[in-house]
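All remarks here apply to the structure that follows.
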């Protein structure tokens, strides 16, 4: 019972991990650009 279940469980882990890593990279880049834009707008308001 356990032998056929293990390959099915380990197979979908890799694409999910790749999607999670890609999502983290894209999210980090978007957050960095968004933070830069917010700082730029705040600086333009102050100065």
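Numbering (the working numbering), first residue to last: 8 to 54. Think of the CB as a built atom: it goes at the ideal place given N, C-alpha and C, for glycine as much as any other residue. Just so we're clear, the structure is a prediction, and the values are computed from it rather than from any experiment.
| request: Go ahead and pull the three-state DSSP assignment for residue 5. | output: Outside the shown range of the chain, which is 8 to 54, sits residue 5, and nothing can be said about it.
| task | Report yes or no: is there a C-beta of chain D within less than 8 Å of the C-beta of residue 39? | result | No chain D is part of this structure, which consists of one protein chain only.
| said: Tell me which residues share the same chain as residue 23 and place their Cβ nearer than 8 Å to its Cβ, disregarding the 5 neighbours each side in the sequence. | reply: Taking the first residue of the chain shown as position 1, residue 23 is located at position 16. Excluding positions up to five away in sequence, the list is empty.
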